[in-house]
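See below for the structure under consideration.
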Amino acid sequence: MEVCKEKQRVILGKKYSRLPKLDLLAVQRESWQKFLKDGIADGLKGISPVKDQTGERWQLILGDYHISSANVVPQEAIRRGISYSVSVECDITLKSLQTGRTWQKRTFLFDLPQMTQRGTFIINGVERCIVSQVTRSPGVYFTQNLDKRTGKILYEAEIRPLYGSWLEFVSNNNNVISARIDRRRKFTATLILKALGMTSKEIIDRFGETIIPTLDSDTTETRQEALIEIYQKMRPGEPAIIENAEEFFQNAFFNSRRYNLSSVGRYKINKRLGLKIKNDSDGLVLRKSDFIATLSYLVGLLNGEGRVDDIDHLSNRHLRCVGELISQVPFRIGLSRFERMIRDRMVLLSRDQDVNLSSLINSQPIIAAINEFFRTNRLSTILDQTNPLSELDNLRRLSVMGPGGLTRERAP
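With positions in the sequence shown counted from 1, the corresponding number in this note's numbering is that position plus 7.
Encoded structure:
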């Protein structure tokens, strides 16, 4: 007798492959890990080496940094009402530029709140989270305004860095293009081009007849005269010496310690103006081609060519998560005060005596800036623990307020 075999069940519905695991807190954790890996290193590199006020006696080099392990677990920190944090130490080298003698030591730099696996921070036993911020991206923007008196459309170009001096080019009813640094006094835009080394003939050959009304308003002829004219506009009352004018112009746009477009800003400028400048550490300051390309596009707008930007469009917005916020706000402020304090203490050092590096380093400015951010900044909020969904909503919330963002007075 033949045994009936069991029939195999046939599923007529469509088979779906297993979906990848969805991690809704990955944005926060990845941003924080990037700060630990790159943000601290970039901040220390930005102020190292620290020289004394004369620049000829002492030099302090900040080397590799080391992050310790937390001494408590998050649950213990909440129970005991303390902060869940780690300590950051740094290898420092002090060198006497006159004798060549060096002192080396690994010293404590600052305490840093540590992120938990849930993307939160525990400050004095209270669980807090940092709200991500939506800000205008660094880059170059072209806008237009209607002059209600004459009915003519006026155009404006703005180069906005992550930090540093803002540069604006503005046209008027007579087609004269003016420049303005940090929204201070206006001067003719050709002063910038002459300060970059261009002559009047080169400017006309590059920009055409549209720039002639601007050149007619410009009384300078040489690069030195242009630099001094800019310096007098920006620093009225100070002695107009060519060395001071040169230093001011270099620091305003070409010094990486004082000016930074960020990788986002360099990408946006390259894309908007069709440039091919490398997006590396050397490309985060302005180049001569940036000025020329920006003015060329503005001249094109005056001639009816090109398009203006919608500065409120989301393509011109940038999301700053927790790591970027810590790096650009409290850490940068604390390092600036830290550097200033070291310079002040270098005045008291004697090259003929042994130096105690621990007395030279004061980590209080960095600690104070970080603590102030976590405790009082409007982007640092107490975690909403009503239910798991409210916690997740709090961690993935976006805000346009906070440092570098909008205020209620000027929100569009």
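For each residue, glycine too, the CB sits at the ideal point set by N, CA and C.
Where residue i falls: helix, strand or coil (DSSP)
| i | result |
| --- | --- |
| Lys14 | coil |
| Arg135 | strand |
| Asp98 | strand |
| Asn310 | coil |
| Gln124 | coil |
| Thr197 | helix |
| Lys52 | helix |
| Ile188 | strand |
| Lys112 | strand |
| Met8 | Residue placement at Met8 cannot be trusted, given a pLDDT of 47 that sits under 50; what the coordinates show is reported in the next sentence. It is coil, neither helix nor strand. |
| Asp45 | helix |
| Leu402 | helix |
| Gln60 | coil |
| Gln392 | coil |
| Gln360 | coil |
| Ser397 | helix |
| Gly70 | strand |
| Ser370 | coil |
| Val354 | coil |
| Ser387 | strand |
| Thr217 | helix |
| Leu203 | coil |
| Gly409 | coil |
| Lys28 | coil |
| Asn378 | helix |
| Glu232 | helix |
| Gly272 | helix |
| Arg415 | coil |
| Asn181 | coil |
| Gly20 | coil |
9 Å Cβ cutoff, residue i in contact with chain C
| i | result |
| --- | --- |
| Phe194 | You won't find chain C in this structure, because it holds only one protein chain. |
According to DSSP, residues forming a beta bridge with residue i
| i | result |
| --- | --- |
| Gly146 | Arg167 |
| Trp39 | None, per the DSSP bridge assignment. |
| Trp65 | Ser103 |
| Ser92 | Pro120 |
| Asn78 | None, per the DSSP bridge assignment. |
| Ile160 | Leu153 |
| Asn267 | Tyr170 |
| Ser224 | DSSP, once it has assigned bridges, lists no residue as partnering Ser224. |
| Glu175 | Glu165, Arg187 |
| Ile447 | This structure does not reach residue 447, given that the chain is present from 8 up to 419, and the question cannot be answered. |
| Val34 | DSSP, once it has assigned bridges, lists no residue as partnering Val34. |
| Val141 | Leu326 |
| Ile130 | Val133 |
Integer-rounded CB distance, given that residue j should sit under 8 Å from residue i
| i | j | result |
| --- | --- | --- |
| Phe149 | Leu308 | 6 Å |
| Gly70 | Thr100 | 6 Å |
| Ala233 | Ala202 | 4 Å |
| Glu175 | Arg187 | 5 Å |
| Ile237 | Leu200 | Actually they are not in contact, since the Cβ atoms of Ile237 and Leu200 sit about 11 Å apart, beyond 8 Å. |
| Gly330 | Trp39 | 5 Å |
| Ser224 | Thr195 | 5 Å |
| Ser334 | Gln140 | Rounded, the Cβ-Cβ distance is 13 Å, inconsistent with contact. |
| Gly146 | Arg339 | Gly146 to Arg339, Cβ: 20 Å. No contact. |
| Val95 | Phe117 | 6 Å |
| Ile389 | Leu367 | Rounded, the Cβ-Cβ distance is 38 Å, inconsistent with contact. |
| Phe255 | Leu293 | The Cβ separation is near 15 Å, so there is no contact. |
Below 8 Å, how does it come out for the region 130-148 and the region 78-92: are there three or more Cβ pairs, yes or no? yes
Three or more C-beta pairs closer than 8 Å, one from the region 91-107 and one from the region 382-391: is that the case here? No, the region 91-107 is not in contact with the region 382-391.
Along the chain, which unbroken stretches of the alpha helix (DSSP H) at least 4 residues long are found entirely within the region 279-352? 295-309, 329-335
Between the region 219-231 and the region 263-274, do at least 3 Cβ pairs fall closer than 8 Å? no
If contact is defined by three or more beta carbon pairs under 8 Å, each pair taking one atom from either stretch, is the region 332-348 in contact with the region 360-375? The region 360-375 is in contact with the region 332-348.
Would you mind listing the beta strand (DSSP E) stretches within the region 236-264 that are 3+ residues and don't spill past its ends, in chain order? none
Using 8 Å as the Cβ pair cut-off and three pairs as the minimum, do the region 165-173 and the region 201-218 touch? no
Would you say the region 310-328 touches the region 286-299, given that touching needs at least three Cβ pairs under 8 Å? no
Check whether the region 357-372 touches the region 320-338, taking contact to mean three or more Cβ pairs, one atom from each stretch, closer than 8 Å. The region 357-372 is not in contact with the region 320-338.
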